[in-house]
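Down below is the structure, laid out as structure tokens.
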């Protein structure tokens, strides 16, 4: 059974989003996603400064098994990326909620409320 | 629900992630396929390959039949126990299947792919017409592959003295019976190791003993990255009925002599040689970050295009490698398209790792 922390919000495409105290949103992929992908070997992150629309392709996770796109859960500007993942992509398998991918400065903080809560995501990912 | 090997419940108990493989519920991995890969390269691991097809051949014309059916010549297997990797072709020279053949005291044992089971049994039966040969599929037998540098030594400690002696005495590519077991020094990983064919009702307890002795279970995921690093073809990826062995790095399997042996597909291969073979199977190495995948397009400057047949991350090398079919004149550089961008790759001999060592 994969973990789904109650304090995070989730996209149906398996990203998690966490609102930080400064209003920015940190994004990663869920435990369920890393488990389905298997051993992660390469991660392509968006460029800092890039503006993304909610649902827009933001990068790619490659596991030994397959490549999977990652999407921006909310609209906004990419203000930071987790460069440590380039050398140690297996961190995503070790702890999917510590291994963040990028941070977004959201255009509209209310967009976060459109994402699934933990209960909703659990239901969606069990389908 | 797919077909299950006798080890299905044990796979579940060992925490396997099960996937469909050609209609069989098989373990993809038991936690991490990368860890399982390293375990085979550095120590040893055990694979359930009981989904593969075992066919015994008997009858006074079994040899003549196989000399007609296969590109390799069983007349060259002069003693019991010799193994042969070979192919059966269709009349157009395409590969119907690849297989391992063992010469038994009387007759032969063939191990063919799981995915091709029905097709191959039908093909072999059709071609057997007019030969005094009996084909006997052996679904009551299971197969375990124990592979890695320590595989033989560790297995020898767990079996009877007679079996241990045989395991220590086997030379590479040799397989012999011991009681109701058949023990061969063959495999599909580029490492030393064994393939043991044994009655299905003994396989669960034996696998339990292996795992208990620290020989961890390995799934199909690592089996694929191990064989890819070793540069070994997978039927359905590197070759199929539309691909000739000359385009699949398998010319070495063909016994052209004696000239009078008219194996199925020979004429088509000779015609292909006379016309000139147009493509070949090579290895690719991606030096940048990224992962090569099957069906990505390969572009070779002033030469043409090719296609990746198998690609993955290679755990032993820490980078991505692939097998690809490219135009014959391809040099040592090419480019591969990954998600709309072109990445430079090195073109190498299709063998990347052997006995734990990188060959690049």
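Protein chains in written order, with our numbering: chain S, 1 to 127; chain U, 1 to 360.
C-beta atoms are modelled at their ideal positions from N, C-alpha and C, and glycine is treated no differently.
As the structure is a computational prediction, the values presented were derived from the model and not from experiment.
Excluding sequence positions up to five before and after residue 288(U), its CB lies within less than 7 Å of the CB of 343, all in the same chain and listed in chain order. In the assembly as shown, residue 83(U) is a buried residue. Its beta-carbon has 16 or more other beta-carbons within 10 Å. Under DSSP, residue 253(U) takes part in no beta bridge, so it has no partner. In the same chain as residue 116(S), and ignoring 5 residues on each side of it, the C-beta atoms closer than 8 Å to its own belong to 9, 10, 11, 12 and 124, in chain order.
The region 192-202 of chain U makes contact with the region 169-184 of chain U; the number of CB pairs closer than 8 Å reaches 3 or more. Per DSSP, the beta bridge partners of residue 67(S) are 62(S). Within chain S, the residues whose beta carbon sits less than 9 Å from that of residue 313(U) are 39, 41, 42, 62, 63 and 64, listed in sequence order. When DSSP reads this structure, residue 334(U) sits in a beta bridge with 345(U).
Counting only runs of 3+ residues, the beta strand (DSSP E) found wholly inside the region 16-54 of chain U occupies 17-21, 24-29 and 45-48, in chain order. When 7 Å is used as the limit between beta carbons, residue 33(U) is near these residues of chain S: 38, 39 and 64, in chain order. Residue environment: residue 147(U) is assigned as buried (16 or more neighbouring CB atoms within 10 Å of its CB, all protein chains considered). Within chain S, the residues 62, 66 and 67 have their CB atoms less than 9 Å from the CB of residue 293(U), given in chain order. In this structure, the alpha-carbon of residue 79(U) lies about 7 Å from that of residue 103(U). In the three-state scheme derived from DSSP, where H, G and I count as helix and E and B as strand, residue 30(S) is classed as coil. Judged by beta-carbon spacing, residue 54(S) lies beyond the 7 Å limit of residue 60(S), meaning their Cβ atoms are not closer than that value. When secondary structure is reduced to three states using DSSP, residue 112(U) falls in the strand class. When CB distances to chain S are screened at a threshold of 8 Å, the residues of the region 212-224 of chain U falling below it are 221, in chain order.
For the pair residue 257(U) and residue 57(U), the Cα-to-Cα distance works out to about 24 Å. Per DSSP, reduced to three states, the secondary structure at residue 125(S) is helical. Between residue 154(U) and residue 44(U), the C-beta spacing is below 7 Å. Close CB contacts of residue 41(U) within its chain, under the 6 Å cut and outside five residues either way in sequence, are with 316 and 356 (chain order). Looking at 114(U), 179(U), 70(U) and 81(U), the one whose alpha-carbon comes closest to that of residue 128(U) is 70(U). DSSP places residue 98(U) within a strand segment (E or B) once states are collapsed to three. For the pair residue 43(S) and residue 58(S), the CB atoms are not nearer than the 7 Å cut-off. As a beta-bridge residue in DSSP terms, residue 85(U) pairs with 100(U).
A residue is called buried when at least 16 other Cβ atoms come within 10 angstroms of its Cβ; residue 284(U) meets this threshold and is buried.
For residue 138(U), no beta strand (DSSP E) run applies, since DSSP gives it neither H nor E.
At a cut-off of 7 Å between beta carbons, residue 346(U) makes no contact with chain S.
Taking each of 158(U), 29(U) and 334(U) in turn and checking the Cα distance to residue 306(U), the smallest one comes out for 334(U). Interface annotation, residue 289(U): in contact with chain S, CB-CB separation under 7 Å.
Here the C-alpha atom of residue 48(U) lies approximately 15 Å from the C-alpha atom of residue 22(U).
With a cut-off of 8 Å on Cβ pairs, the region 17-35 of chain S is in contact with the region 97-107 of chain S, counting three or more such pairs.
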